[in-house]
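Trainee: Here you go, one structure.
Number of protein chains: 4
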Amino acid sequence: MSATDPLAVGVLGYRFMGKAHSNALARLPMFFPDAPAVERHTLIGRQEEPLREAADRFGFERVATDWEDVVDEVDAFYNLGPNFVHAEPSIAALEAGTHVFCEKPLAPTLEEAEAMRDAAAESDALAGCAFNYRFVPAIRYAKRLVDDGDLGEIRHVRGRYLQDWLVDPGAPWSWRNDEELAGSGALGDLGAHTIDLARFLVGERTGEIREVSGHLETFVDERPVEGEDDSRPVTVDDAYAALVEFESGAMGNFEASRFADGHKNDHTIEINGSDGSLKFSLERLNELEYKGPDQRGYETILVTDESDPYVDHWWPPGHVLGWEHTFVHENYEFLSSIAAGSDFAPSFEDGYRVQRVLDAVERSDERGERVSLA
Amino acid sequence: MSATDPLAVGVLGYRFMGKAHSNALARLPMFFPDAPAVERHTLIGRQEEPLREAADRFGFERVATDWEDVVDEVDAFYNLGPNFVHAEPSIAALEAGTHVFCEKPLAPTLEEAEAMRDAAAESDALAGCAFNYRFVPAIRYAKRLVDDGDLGEIRHVRGRYLQDWLVDPGAPWSWRNDEELAGSGALGDLGAHTIDLARFLVGERTGEIREVSGHLETFVDERPVEGEDDSRPVTVDDAYAALVEFESGAMGNFEASRFADGHKNDHTIEINGSDGSLKFSLERLNELEYKGPDQRGYETILVTDESDPYVDHWWPPGHVLGWEHTFVHENYEFLSSIAAGSDFAPSFEDGYRVQRVLDAVERSDERGERVSLA
Amino acid sequence: MSATDPLAVGVLGYRFMGKAHSNALARLPMFFPDAPAVERHTLIGRQEEPLREAADRFGFERVATDWEDVVDEVDAFYNLGPNFVHAEPSIAALEAGTHVFCEKPLAPTLEEAEAMRDAAAESDALAGCAFNYRFVPAIRYAKRLVDDGDLGEIRHVRGRYLQDWLVDPGAPWSWRNDEELAGSGALGDLGAHTIDLARFLVGERTGEIREVSGHLETFVDERPVEGEDDSRPVTVDDAYAALVEFESGAMGNFEASRFADGHKNDHTIEINGSDGSLKFSLERLNELEYKGPDQRGYETILVTDESDPYVDHWWPPGHVLGWEHTFVHENYEFLSSIAAGSDFAPSFEDGYRVQRVLDAVERSDERGERVSLA
Amino acid sequence: MSATDPLAVGVLGYRFMGKAHSNALARLPMFFPDAPAVERHTLIGRQEEPLREAADRFGFERVATDWEDVVDEVDAFYNLGPNFVHAEPSIAALEAGTHVFCEKPLAPTLEEAEAMRDAAAESDALAGCAFNYRFVPAIRYAKRLVDDGDLGEIRHVRGRYLQDWLVDPGAPWSWRNDEELAGSGALGDLGAHTIDLARFLVGERTGEIREVSGHLETFVDERPVEGEDDSRPVTVDDAYAALVEFESGAMGNFEASRFADGHKNDHTIEINGSDGSLKFSLERLNELEYKGPDQRGYETILVTDESDPYVDHWWPPGHVLGWEHTFVHENYEFLSSIAAGSDFAPSFEDGYRVQRVLDAVERSDERGERVSLA
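Structure representation (structure tokens):
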């Protein structure tokens, strides 16, 4: 491409994540005018009709039902499909020199994640893993506080992701309940976010996670198939919990559930250090609770000032952002990194490191013992 | 226009509100596919260069420096300029049969608001006043509860809009500090939102406001002019408060300030009825605090379920929306009303009725006595 | 009395307030060993049987049905009766040289309050008005912040006292609904607390309240008499609201209601200054929300550290106190002032100044105009 | 003793817990007049002077420096000493037929706890373990909801007890940092409360804890001795975390720390069931957050109504209680059980069962594997 050609983006997946990223791409020119120009080139899916309809709404010029036709035709390939489709197309794209942005968790198994990580390492193309919560302004503000040492030595990290959409045993079966298709349940879907956020926020101070005790639980063993008079087994976890130790000796306590009645999308992170503490909750994503060295309690900071990360691109102080803005920010960073030829984090390496922890949680649960990641 | 022609929209104003509405128009096709198609036709402003730049970013094909050239060339005219520019162009557009969407407050003076209301009454075109907070999902959900009688007889309505951008006496002078240009200060800018929201939420149960006691205060009398070695007088209120009585006997207590240190955009509404109560805060706009007839305390409802107003157009439960989404919703409703030939609220009549209350607050403050609106 | 004789205390009133003060007196020796020794001398009431029973439980040696027999027999006279009994016995006690501690509001009318204030001025005895919320640790901590100038120039004071025990029109009539017996309704019962707290917290910076606009409302005009097939008229306000101006130009907004469904004893105070802000809520009385000069948002301070006012007398940090502790603190201060021969605040003068504001609220409501207190 | 003789109570320990229980005993007559009469008979301690001073303040007639002189002289023996003094005197008292009320944790080791449990089983006297948080009104209210099935099948129990008094490495050494004297650190001191509360709240629905994975951490290995130029080793945990499984399959996640900066006495419990959820926090102990079957979010219930557990003994709705009231309630129940000859919970059996879990946490941490309690 020439300097002025827009980046051609091919997107696999046209449902939830497809919509979130398409919206992000569409909003960049108005709010991030220095972002590289993007052509929404091809939307990839399996069912022609809904695919075409989605392409129209999401602003794609072409559709394709086979990703193999696309991955070497575009500048960047967005892999937003279910977990079991992450590895093969992403690797193919990387081998073709196409930049890849893949949804989380990186893969359903550690083996596939490793293969993807290796493919990224061998490719000149950029390989990003779309952990969007790194791009919440309040989270980036929090990271700055941690990195600046305002919290001192990190002692505790707690992360919890609570949802309730499976509380009802009659809630229908989906690919997310199947080990073959999803890899794991709450662990991979929600826990991956938490582990990544913990690594992002404290990793430079605590080092990596070195030991894990895990606990998985499936509360409802089978679920009805929608529209059929049948049920299918649930082969993944409904909830997980894990106690971890970081290299620095800091303690981590992580948990997620799809059975936490009353919690819709309640992802919280808490950090206690020797000089300060902080708390964040996704359902109030414009806020950060922060206790600094000279404070007695937590200060509720509305992270919407012009000087806050990304906020100057949007609205005046106090005009709150939503969940979807995280996608605009991560797309801005990913595409800018492509244009600049610079690194991008979270990378496939980051995705792989998260996967190692998820894998250790599962092994620890199976074996009933603490697992070392050394 | 034919059934398939997009609605040509001309927009006066290319700063804060211009960006908010342009973004809303741009997002409709992806999220509200049944909205009428829109052509961002002409952007109107006075300074050519920034106007052209804004037009590029906001997706407008043409620019104009004189609204008179535009108001009869478009299907809908958006008046997003400062308050003192609201009346003349809006009336001209309505007289030309062009639909008008005007930012709040409707006008700087009651006289101009009355003229605008009359022009709207005499025109076949639609005339909407852009009180965007009526379009917060939690607010519409709240209105449904009030209308259904879940709160019983309304006793108290409290509304408060707190900001702090003028706390510093050195904050620069702007048109918002000038009576000629703005009409009033916190009263018109913030109070208009509160009065409208109160009328919207409880009006069907309480009737209109019939009596007003008002109090205005200017804490800092003059402010420096940015970039000049000079200052200009502040001729509007920095804060207002008003006690009102509704026709039903319900009590209202309204207040706004630009001197509330620590509050960025803190617009709260509280209602107490004989059977229940509710609270809403703009800085947590996805939440509604609701105490129903069989409850002891307030329940924190995250108004992000598929069944909640507008939410099915966006994301799954718990994936929170931001401030800007209110503009998408109000544009959707306004444009759909044009297409359907149906009424739209808030109308110029609503804007006028708010203005009557604002005017009564000022008169009450001047005279030191309660003012009747009967 | 000699230096070692305990102070003989006579208490008029053996219900709610009688219990609260008797408990306070009983707890002083264990927690405030430097407080003067107290003899719970005589409990005064009209109905012999419940009076004797109360005296037993509250630890009084004697009972009396006529206060005239007591006021010159004791060192200190606690007047905890209904408002209409405040003036005569208090004045008689003061004239007898007996120290007086009188519950709030000081009197049902401004005339009586004035007479009490005058009697106190002419007496050598101490005359305290029992505004107990001045003795919440968080409130005293807040006052220190205000006095130290941490909030800068005070702009806004808001106080609100919400209860809901009259929401039901079938709730029985009591003396609190009668103008002769109570003076006023929510205004005197709840508003007196708010006005006193506002004066206490900001008075040294703002001066006194100089202008008042008031609004009273009675939502239910008559109420059933308990145990009778009859009803009696409600001759006091169910709710009041008032906008005030302090001598400094600061704005005050005060309100109370017995019709705020879902609110039991919700007394809140908020202050905005040019450098900081604070919020307090009685239902979370161990906490203070504070935004200091270098902070962006409110910090939630648990005011239970050893260094916090009164807390070293009780428990370790985080072991929260309750409502009743305010009575222990105020009794400690009042009795210590007697022993030391020093002044005590809140005094009858303070009670009178509060009454002047309450009276101005009523007059403003009647006349429909702003009332000056100059 | 005859029916009218007061119960003679001997109390070992005159510091924090001694004060808390003495206060509770002193307050019973005024607020719980149906409680058995109590004579504060003997206060036991080792240092004569402060002991005598404490006895004076706490209202004890006698002092003793040897518990052996007391345990068979009184009707009830309160063992409020450090953990290492729990077993011997308590067992001796039980063997003497004296009722025993022992502070938590029951003992520093499982062996001693077992011996105490056995002694209680063999004695006719009552043996209570003073887990005071069972007696918070909001907790008893919560238990009623769980027992009534309002939460459905229990899925998750989370308990966390955060303090920060050891954050500073210079904070002095105390017996609480010594394994010999305390048994364990945060685990026994704080975790015992959490485990007991979890068992109390959900035990009837989930059964006992059957499996445990534990993690202990000591962040600071030695601490200065106050007043000496020396330091001593910290031989207990500064923090613990544990993942547990209940017999029903419910998941538990428990944690405590003395290194959670900004948290003073922050004990929280959360329960998610198939039909509802609840949350409680000790620092806001008058409140319960409850999400019932027909609710969307958590309702904040101020548990201070007359109909709430114990509240009718105190003050009107909204007049909040403090931490110390839990001691009044537990003393009321314990003494009433003595008088009635009925059972009392939490018993030594309860204390022992908690100890088994604490012990399993330690063993799991040492072995690096899940420990079964079957």
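Protein chains in written order, with my numbering: chain A, 1 to 374; chain B, 375 to 748; chain C, 749 to 1122; chain D, 1123 to 1496.
Every residue gets a Cβ at the ideal spot worked out from N, C-alpha and C, and that includes glycine.
All of these numbers come straight from a predicted model, not from anything done at the bench.
(1) Please tell me whether E306/A has its Cβ less than 8 Å away from any Cβ of chain C.
(2) Between H567/B and chain C, is there a C-beta pair that is closer than 8 Å?
(3) Could you name the residues of the same chain whose beta carbon sits closer than 7 Å to that of C129/A, not counting the 5 residues immediately before and after it, in chain order?
(4) Let me know if F390/B comes out buried or exposed under the rule of 16 or more other beta-carbons within 10 Å of its beta-carbon.
(5) Return no unless some Cβ of chain C is closer than 8 Å to the Cβ of H1278/D.
(6) Could you tell me which of H41/A, L51/A and A8/A sits nearest to Y14/A, measuring between CA atoms?
(7) Is the beta carbon of S622/B less than 8 Å from the beta carbon of T674/B?
(8) Which residues of the region 1445-1463 of chain D have a Cβ closer than 8 Å to any Cβ of chain C? Give them in chain order.
(9) Could you name the residues of the same chain whose beta carbon sits closer than 8 Å to that of V594/B, not counting the 5 residues immediately before and after it, in chain order?
(10) What is the DSSP secondary structure of L500/B, reduced to helix, strand or coil?
(11) I'd like to know whether the C-beta atoms of F1466/D and L1248/D end up nearer to each other than 8 Å.
(12) Classify R534/B as buried or exposed, calling it buried when 16 or more other Cβ atoms lie within 10 Å of its own Cβ.
(13) Just checking: is the beta-carbon of P1064/C within a distance shorter than 8 Å of some beta-carbon in chain A?
(14) Could you list which residues in chain A have their beta carbon closer than 7 Å to that of N639/B, in chain order?
(15) Would you call the CB atoms of K517/B and G318/A closer than 8 Å?
(16) Between Q1103/C and N1299/D, what straight-line distance do the alpha-carbon atoms span, to the nearest angstrom?
(17) So, is the C-beta of D649/B closer than 8 Å to a C-beta in chain C?
(18) Identify the contact partners of M778/C in chain D, using a Cβ-Cβ distance below 8 Å as the criterion.
(19) What residues are listed by DSSP as bridge partners for P387/A?
(20) Any beta carbon of chain C sitting closer than 8 Å to that of P1155/D?
(21) Could you list the residues in the region 1034-1059 of chain C with a C-beta less than 7 Å from some C-beta on chain F, going in chain order?
(22) Quick check: the Cα distance between S174/A and G81/A, rounded to an integer number of angstroms?
(23) If we ignore side chains and look at the alpha-carbon of each, how far apart do M490/B and E413/B end up?
(24) Would you kindly check if the distance between the Cβ of S307/A and the Cβ of V236/A is under 8 Å?
(25) Could you tell me whether any Cβ in chain D is nearer than 8 Å to the Cβ of N177/A?
(26) Could you give the C-beta distance for T780/C and H1061/C, rounded to a whole number, given that I count them as a contact under 8 Å?
(27) With DSSP as the reference, label N1220/D as helix, strand or coil.
(28) With a threshold of 16 other CB atoms inside 10 Å of the CB of D937/C, please say whether the residue is buried or exposed.
(29) Residues in its own chain within less than 6 Å of T568/B by CB, not counting five upstream and five downstream?
(30) Using 8 Å as the Cβ pair cut-off and three pairs as the minimum, do the region 1018-1029 of chain C and the region 885-904 of chain C touch?
(31) Identify every residue that forms a DSSP beta bridge with S213/A.
(32) Would you mind working out which of V702/B, H589/B and Y507/B sits nearest A566/B, comparing C-alpha positions?
(33) Have a look at the DSSP bridge pairing and note the partners of K1413/D.
(34) Does any residue of chain A bring its CB to less than 8 Å from the CB of E757/B?
(35) Spatial neighbours of E591/B within its chain, please: C-beta separation below 8 Å, excluding the five flanking residues on both sides.
(36) Consult DSSP for T439/B and reduce its assignment to one of helix, strand or coil.
Mentor: So, to answer that:
(1) no
(2) no
(3) C102, K104, L106, P346, S347, F348, D350 and G351
(4) exposed
(5) no
(6) L51/A
(7) no
(8) W1445, E1446 and H1447
(9) L540, P543, V608 and D612
(10) coil
(11) yes
(12) buried
(13) no
(14) P317, G318 and H319
(15) no
(16) 56 Å
(17) yes
(18) K1141, S1144, N1145, A1148, R1179, F1180 and G1181
(19) What the structure shows of chain A is the stretch from 1 to 374, and residue 387/A is not part of that stretch, so it cannot be assessed.
(20) yes
(21) Absent from the structure is chain F; the protein chains it does hold are A, B, C and D.
(22) 14 Å
(23) 26 Å
(24) no
(25) no
(26) The sequence shown places Phe at residue 780/C, not Thr. Indeed, because the Cβ distance is near 6 Å, the residues count as touching under 8 Å.
(27) For clarity, residue 1220/D is Thr in the given sequence; the question names Asn instead. Residue state, collapsed to three classes: coil.
(28) buried
(29) G533, Y535 and F628
(30) yes
(31) L243/A
(32) Y507/B
(33) S1399/D
(34) The shown model of chain B, from 375 to 748, leaves out residue 757/B, and the question about it has no answer.
(35) D611, D612, A613 and Y614
(36) coil
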